[in-house]
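In the numbering used here, the protein residues as written are 686 to 816.
Beta carbons: idealized from backbone N, C-alpha and C, even for Gly.
Worksheet for the structure shown next.
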Amino acid sequence: MPLSEHEQRLFEQIERSLAEDPKFASAVRASDPRFHARRRLLVAAGVIIAGLALLVYGAVIATPPLAVAGFVVMLASAAFAVQSHRRAQSPDLHVVGGTASRRRSRSRAGRRPGFLDRMEDRWRQRPEGHR
């Protein structure tokens, strides 16, 4: 259902006022799961570089356990990066309500619908003219 002109103007005004509030913008960014996924990828990339440096240093000073430790660090960090990337590409990952809706659907699977579920279904199936 499209918005009326008045509603569209109000929506744009609210959008502008929210965009101008730096405190609100940082709070929204901090709660954005995509922001955290990007940060995990950057941390993993840094740890991969540190592992590579440890591997090279262990090879230069001829200490095989140190070189192996560097390789293991690189391998673990690469696995973490791949996992973070997959999680970031997940279709369930939404800015608002992604984890809550996923958790809710799992907890209700296999159960009989309760009173609130039946009431929600009745509300969705009501005729459009009655409000």
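Asked	Found
Please classify M759 as buried or exposed, where buried requires at least 16 other C-beta atoms within 10 Å of its C-beta.	buried
Among F696, F720 and L801, which one has its Cα closest to the Cα of S769?	F720
Taking 6 Å as the limit between beta carbons, can you name the residues of its chain near G755, skipping five residues before and five after?	G736, L739, L740 and G743
So, with DSSP's three-state summary, where would you put D802?	helix
Answer with buried or exposed for A704, where buried requires no fewer than 16 other C-beta atoms within 10 angstroms of its C-beta.	exposed
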